[in-house]
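Chemist: Numbering (my numbering), first residue to last: 26 to 101.
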């Protein structure tokens, strides 16, 4: 991998994705500790286009679920 390239998506990256969803606003060094990656690896993973695409999908699904739940709770 040359300097300008990002790592391709791997199943192990799901641990980073899950940690980020469970700890919104969390620090990447805490994610690195929890997932066994170095800080550098976590930074490269979360800034990769593949990760960003998957992260956006997960956040969109989470938002839709939250909004749907709010409407069910308020009977709108």
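Built from N, CA and C at the ideal position, the CB exists for glycine as well.
Looking only at its own chain, which residues have a Cβ that is under 6 Å from the Cβ of residue 39, when we skip the five neighbours before and after it?
Modeler: Nothing meets the Cβ criterion.
Chemist: So for residue 65, helix, strand or coil by DSSP?
Modeler: Three-state result, residue 65: helix.
Chemist: Residue range of the alpha helix (DSSP H) that residue 72 falls in?
Modeler: It is not in any alpha helix (DSSP H) - residue 72 carries neither H nor E in the DSSP assignment.
Chemist: CB residue 41 to CB residue 83, shorter than 7 Å?
Modeler: Against a cut-off of 7 Å, the Cβ pair of residue 83 and residue 41 comes out as no contact.
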